[in-house]
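Residues in the sequence shown are numbered from 6 upward in steps of one, following our numbering. From the three backbone atoms N, C-alpha and C, an ideal C-beta is built for every residue, glycine too.
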Amino acid sequence: YYYSPVVTTNLPNSNLPRNTNAADSKKSLPSTTTTTIQPIHCVPQLANRRNDPADPNKSLQVSPSKYVNQTHPPFHISLHDAHFDRMRWIHIMNHGNYYETGITDQFHTILGDSEESKGLVIDVGMNIGWFTLYSRAMGHEVVGFDPNPIMHTRVCESLLLNQWSEDKSVQTFAYGLGSSSAVLNMTLGKNPGGSSFFQDRLAKKFQRTLAVPVVKLDHVAEQQGWLSTNSKQVRIKLWKLDVEGYEYQVLKGSPKLLHSGIVENILMENSNSNLREVVDMYATIYHAGYELHMISSVPGQPYHEELVTPLNKDLEEFIRKDMDLEKVGTHIPFLAKVTCNLWWKQTNKKKNTNNHNNGMNS
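Shown next, in the form of structure tokens:
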């Protein structure tokens with residue numbers, strides 16, 4: 006995979022290093038004590054909607070929206086114009102539900118319990134905010150990340166529709182997340198939800214690029230006080246991670262959060278075909294105190310349930326970061342061949358950490 010050179014300079018946090026040479030970007034990291042990651046402020050975001058040439062709804066007086074009542078609880082959601090995002094329009098506007106119905110059910114299983122267990126949800130790969138809004142509807146605070154500014158406009162509209170714009174229960178950040186701070190070219194395609202930092206994941210005839218700022222999630226976690234030991238500890242009920250193959254880089258930029266013990270569930274898309282990264286990524290997650298709870302298809306339906314137990318067994322007994330790939334067996338390589346979703350649950354079981362490097366940092 007490669008990143009295109011970035012030539013745009015009119016970006017937030019302009020002190021971030023430009024990714025003219027991806028291999029060198031780690032050498033010029035700004036200090037995390039001097040770079041403040043700012044959330045989106047909805048008033049100016051919405052005021053600029055009609056003047057944003059990238060916004061597919063710019064010619065509309067009011068963005069189309071749907072009151073979704075097939076979920077429990079229901080909520081309002083603002084959508085892109087039907088011609089811009091046909092898939093979400095069909096599923097939400099016409100059918101009243103998201104196309105990832107099984108993932109929506111998993112969110113409800115994790116978050117839709119008693120009032121005493123409300124917490125924080127981290128939505129990495131927010132898009133128009135279906136899971137951000139659903140999490141908030143169930144009473145949780147949410148922090149969402151998406152590097153495409155138009156996604157934040159839709160979410161701001163949705164917060165206004167739900168009367169959540171004033172209570173500060175939802176914060177969104179127009180940043181990508183990765184292993185270091187930089188500005189990268191994100192490739193956009195026909196499906197607004199398929200944008201990726203890996204150019205070859207999208208059909209060439211639909212490719213467009215957008216230069217976006219990228220930061221480490223650990224930087225945000227420290228800035229937000231999630232990792233502080235001097236105040237009441239935050240409980241992150243769910244960390245959703247869906248970034249079109251960039252999950253490995255996001256996890257490389259968040260070892261402190263991953264090993265903090267404050268994240269109860271990780272729900273992530275698995276679409277990485279690089280076996281080295283797959284082995285290191287899942288070994289790191291497992292030995293940070295998690296076990297695989299469920300494998301599901303892209304829409305979230307049960308998928309190869311028979312592999313959950315042997316995968317956990319392999320991770321416990323011999324799968325380690327940096328191990329010889331000739332010795333990984335047959336279960337982990339399966340994950341490098343398919344696209345699916347993985348639900349990891351925090352466990353109090355002590356992991357076998359012999360000869361194991363806890364982090365993914367090189």
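What's the gap between the Cα of L232 and the Cα of T177? Going from the Cα of L232 to the Cα of T177 covers about 19 Å.
In this structure, does DSSP put K332 in helix, strand or coil? If DSSP states are grouped into helix, strand and coil, K332 belongs with the helices.
Give me whichever residues DSSP pairs with Q351 in a beta bridge. Per DSSP, the beta bridge partners of Q351 are Y295.
Quick one: grab the DSSP three-state call for K31. Any reading at K31 is ruled out, since the residue's pLDDT is 37, under 50, leaving its predicted position unreliable.
Assess, as a yes-or-no matter, whether the stretch 236-246 is touched by the stretch 127-139 under the definition of 3 or more beta carbon pairs within less than 8 Å. Short answer: they touch.
In this structure, how does DSSP classify S122 when only helix, strand and coil are distinguished? Helix.
6 Å Cβ shell around D90 - same chain, five flanking residues per side excluded: Only P197 meet the Cβ criterion.
Measuring only the C-alpha atoms, how far is T314 from S278? Going by the C-alpha atoms only, they are around 22 Å apart.
Measure the beta-carbon distance from S301 to Y295 and round it to whole angstroms, keeping in mind my assumption that it falls under 8 Å. Contact flag wrong, Cβ pair sits at about 16 Å.
Between the Cα of L371 and the Cα atoms of H264, G230, A179, which residue gives the shortest distance? The requested residue 371 does not occur in the structure, where the chain is confined to residues 6 to 367.
Element boundaries [alpha helix (DSSP H), containing F2]: Outside the shown range of the chain, which is 6 to 367, sits residue 2, and nothing can be said about it.
Just verifying my parser: in three-state terms, what is the DSSP assignment at Y287? Secondary structure of Y287 (DSSP, three-state): helix.
Quick one: complete alpha helix (DSSP H) runs, 4+ long, within the stretch 157-229? Secondary structure remark: continuous alpha helix (DSSP H) runs of at least 4 residues inside the stretch 157-229, in chain order: 222-229.
Can you grab the Cα-Cα spacing for the pair Q43 / R240, in whole Å? Going from the Cα of Q43 to the Cα of R240 covers about 22 Å.
Considering only C-alpha positions, which residue in the set N153, W135, S184, I155 is nearest to V147? The shortest CA-to-CA distance from V147 to any of N153, W135, S184, I155 is the one to W135.
So, with DSSP's three-state summary, where would you put I337? Helix at I337.
With a threshold of 6 Å on Cβ separation, who are the neighbours of K221 within its own chain once the five nearest residues in sequence on each side are excluded? If you ignore the 5 residues before and after K221, its C-beta comes within less than 6 Å of the C-beta of G258, all in its own chain and listed in chain order.
Check the C-beta distance from F112 over to S140 and give it rounded, since I have them as a contact under 8 Å. Correct: roughly 7 Å between the Cβ atoms.
Going by other Cβ atoms of all chains shown within 10 Å of its Cβ, with 16 needed for buried, is A288 buried or exposed? Looking at its Cβ environment, which holds 16 or more other Cβ atoms inside 10 Å, A288 is buried.
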